[in-house]
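See the structure below:
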């Protein structure tokens with residue numbers, strides 16, 4: 106889980122540095138971009154930003170200067186924020202802005218606010234978990250008997266919802282192409298449950314469940330959790346008391 110950063114960026118983060126925040130917005134089809142990064146972006150519009158990452162939730166907001174009224178409608182656009190420092194100033198020996206990106210967020214609301222001499226835009230965001238908590242799963246087959254698959258581990262179930270279910274929805278409606286994700290191979294993170302034991306796992310057992318609720322219920326059968334990374338990539342994490350300190354956040 107270690108995030109790789111350069112020695113220059115590490116030195117800058119431990120000293121008196123100028124922050125670098127990468128905020129490049131992409132439209133739904135990834136055909137157009139708008140750069141509101143700090144400190145080099147479009148006229149340094151960034152006033153404030155916060156992005157929150159939780160186990161089953163993620164959201165954020167950004168405040169931008171808009172005195173020239175040039176910020177377009179960004180609702181539905183996405184961004185993978187990057188946070189770091191400008192290592193070319195302050196004697197850190199770097200070549201410029203260096204940053205590490207986090208998971209993807211989508212703009213859900215955009216407000217224009219005016220005050221004497223100022224115009225600002227406030228953007229509200231939701232991440233992949235909050236989106237999956239609103240999306241219903243797709244079922245295939247003829248009601249009331251739907252298709253079933255047997256001999257699946259919990260890892261297989263999670264992989265289906267992260268990769269296959271969203272692809273099926275893309276084929277049927279084209280509505281979630283921007284949510285296509287990948288689950289990494291489990292590697293050394295097995296708890297001997299998640300990828301070993303096959304389970305009888307009913308869907309919509311008590312009520313109509315969202316994709317996020319089903320994935321959360323599946324994870325609760327194990328000792329693992331899912332971590333979301335940049336590029337719409339999920340990874341399985343199995344924390345143990347004997348783990349070495351392999352995760353550092355700056």
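Numbering (my numbering), first residue to last: 106 to 355. Heads up, the beta-carbon is just placed ideally off N, CA and C, and yes, glycines get one too. In this text, all values refer to a predicted model and were calculated from it rather than measured experimentally.
DSSP lists 158 as the bridge partner or partners of residue 163. For residue 258, the beta-bridge partners assigned by DSSP are 303. Scanning its chain for C-beta atoms nearer than 6 Å, with the 5 sequence neighbours on each side dropped, one finds around residue 298 the residues 327, in chain order.
Contact between the segment 177 to 188 and the segment 231 to 240 is absent: fewer than three C-beta pairs spanning the two stretches fall below 8 Å. Residue 164 places its beta carbon less than 9 Å from that of residue 229. Under DSSP, no beta-bridge partner is assigned to residue 321. Rounded to the nearest angstrom, the gap between the Cα atoms of residue 337 and residue 171 is 30 Å. For residue 210, the closest C-alpha among the options 222, 218, 183, 286 is that of 183. Assignment of residue 136 by DSSP, reduced to helix, strand and coil, places it in the coil class. Taking a C-beta distance under 9 Å as the contact criterion, residue 286 and residue 268 qualify as a contact pair. Relative to residue 340, the option among 308, 312, 260 whose CA is nearest is 260. For residue 301, the closest of 258, 219, 227, 231 by C-alpha to C-alpha distance is 258.
Its Cα nearest to that of residue 125, the residue 202 stands out among 202, 330, 289. In the structure shown, residue 130 falls within a strand segment according to DSSP collapsed to helix, strand and coil.
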